[in-house]
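Here's the structure we're looking at; comments come further down.
There are 2 protein chains.
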Amino acid sequence: MMTEKSPNPETGEDSFDLADFLPFLLNQAAEESSLAFQNVYKNRYGMLRTEWRVLFHLGMYGRLTAKEIGTRARMHKTKVSRAVQRLADRRFLTRTRDARDRRSEHLELTPAGEAAYRDLRGVARDYDAKLARHFTSGEVALLRSMLRQLAGIR
Amino acid sequence: MMTEKSPNPETGEDSFDLADFLPFLLNQAAEESSLAFQNVYKNRYGMLRTEWRVLFHLGMYGRLTAKEIGTRARMHKTKVSRAVQRLADRRFLTRTRDARDRRSEHLELTPAGEAAYRDLRGVARDYDAKLARHFTSGEVALLRSMLRQLAGIR
DNA sequence: GCGTAATAGTTGATTTTGTAACTAACAATA
DNA sequence: TATTGTTAGTTACAAAATCAACTATTACGC
Chain A
1 MMTEKSPNPE TGEDSFDLAD FLPFLLNQAA EESSLAFQNV YKNRYGMLRT EWRVLFHLGM
61 YGRLTAKEIG TRARMHKTKV SRAVQRLADR RFLTRTRDAR DRRSEHLELT PAGEAAYRDL
121 RGVARDYDAK LARHFTSGEV ALLRSMLRQL AGIR
Chain B
155 MMTEKSPNPE TGEDSFDLAD FLPFLLNQAA EESSLAFQNV YKNRYGMLRT EWRVLFHLGM
215 YGRLTAKEIG TRARMHKTKV SRAVQRLADR RFLTRTRDAR DRRSEHLELT PAGEAAYRDL
275 RGVARDYDAK LARHFTSGEV ALLRSMLRQL AGIR
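This is the structure we're talking about:
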């Protein structure tokens, strides 16, 4: 006969707490902490998550190709392609074909794109500070370092 | 005249590192750390993320209504509804209408659902341990506590 | 150079999610 | 007991993500 089902999490023998399962917990924290910021870029500029990521990469690192953005942001090339298209449609960036390798093109923010980037960067900075305020600076530093490591496990 | 664009992150005055922005970093860590586990429930049982979440909730807490699952897992009711439908189609759970309030129905895992839950719970436990192995136990405890807090900021 | 493979990026079809409107059942109240 | 409001869950339609196939261009091996 099979052992009886034990719905109680405190049962011991095979204890497992879903709420502590790192992939689940990380997702919950990520979703929750993204919400407020998401509303800003969505309502203020009509952007999607893919779009602000591209915008931020161009804002931070300057001229990049779609390929480079995909690698740095870990976004699939179709996501990047579509995000770039929408940002180009709204005149947030310009595309310039590489003269030597005409397959790739260099992307750069327009002044409007720069302005949006600066605005959102400010919001991001404030928001990050607000999140960090829940902890000591040492704790936050450790958190970031652990997250970087988890993000890097390929 | 406007100040010149500064693509270099080390510029100081308005330093901002996207790679350290918590919502971004959390998302990266969550995505990366979910990948390997995702492959298991996907390849082994053809489940989606919404489905294993429902499965785990029923496995852990026993009989629940869709509403209760939605609240605990913070999933929108349409997501829960569709996940439940698919799990019911595959005979992983049964639905029983509440006699006193015929709007809601009680969900319970079938033996097949139980088996899948146990299997995946084992995988989850191992995987979580593998992730935790990158840090000291104190660090992991702090990480979980911080993530719980971030997830709870509503 | 010619044929084959690789790469940057786009497009199209399918799946999954998100949003809003809907049905059915219950609750409160005049 | 009608009336109005609320709740559990489903359905329909639009938005977005995924995956595979495609174009154009460059690189490689002979």
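Residue numbers (my numbering), protein chains in the order written: chain A, 1 to 154; chain B, 155 to 308. We put the beta carbon where it would ideally sit given N, CA and C, even for glycine. Just so you know, these numbers come straight off a predicted model, no measurement behind them.
Item, Value
"Assigned exposure category for B:SER105 - 16 Cβ within 10 Å defines buried", "In this structure chain B extends from 155 to 308, so residue 105 of chain B is not present and cannot be described."
"A:ARG154, buried or exposed, once every other Cβ within 10 Å from all chains shown has been counted against 16", "Its pLDDT being 49, under 50, A:ARG154 is placed unreliably in this model, and the value from its coordinates should be taken loosely. Answer is exposed; the Cβ neighbour count stays below 16."
"Own chain residues within Cβ distance below 7 Å of A:TYR127, not counting five before or after", "ALA36, PHE37"
"Chain B residues whose Cβ lies nearer than 8 Å to that of A:SER34", "PRO177, LEU180, ASN181"
"Cβ of A:ARG100 within 7 Å of any chain B Cβ", "no"
"Sequence-distant residues of its chain with Cβ nearer than 6 Å to B:VAL234 (five each side left out)", "ALA220, ILE223, GLY224"
"A:ASP20 and B:ARG298 closer than 7 Å at C-beta", "yes"
"For A:ALA83, the nearest candidate out of A:ARG49, A:LEU26, A:GLY152 (CA to CA)", "A:ARG49"
"A:ARG133 burial status per 10 Å Cβ neighbour count (16 or more: buried)", "exposed"
"Nearest neighbour of B:ALA269, chosen from B:ARG240, B:MET300, B:MET201, B:GLY213 [CA to CA]", "B:GLY213"
"Proximal residues to A:LEU64 (C-beta, below 7 Å), its chain only, five neighbours per side dropped", "HIS57, LEU58, LEU107"
"A:ALA124 at chain B interface by Cβ criterion, 7 Å", "yes"
"Interface flag, B:SER291 vs chain A, CB-CB below 7 Å", "no"
"Cross-chain neighbours of B:MET300 in chain A, by beta carbon under 7 Å", "PHE135, GLU139, LEU143"
"Sheet register partners of A:THR96 (DSSP bridge)", "A:HIS106"
"Within-7 Å CB hit, B:GLU158 to chain A", "In this prediction, B:GLU158 scores a pLDDT of 38, lower than 50, which makes its location untrustworthy; the coordinate-derived value is nonetheless stated afterwards. So no, B:GLU158 is outside the interface."
"Buried or exposed (CB count within 10 angstroms, at least 16 for buried), B:PHE265", "A quick correction: the sequence has Pro, not Phe, at residue 265 of chain B. Exposed."
"Proximity test, Cβ basis, 7 Å: A:PHE37 and chain B", "yes"
"7 Å Cβ cutoff, B:ALA184 in contact with chain A", "yes"
"Coil, strand or helix - B:THR219 by DSSP", "strand"
"First through last residue of the alpha helix (DSSP H) which encompasses B:MET300", "291-306"
"CB contact check: B:ASP243 to chain A, cutoff 7 Å", "no"
"Contact with chain A by B:PHE246, beta-carbon distance below 7 Å", "no"
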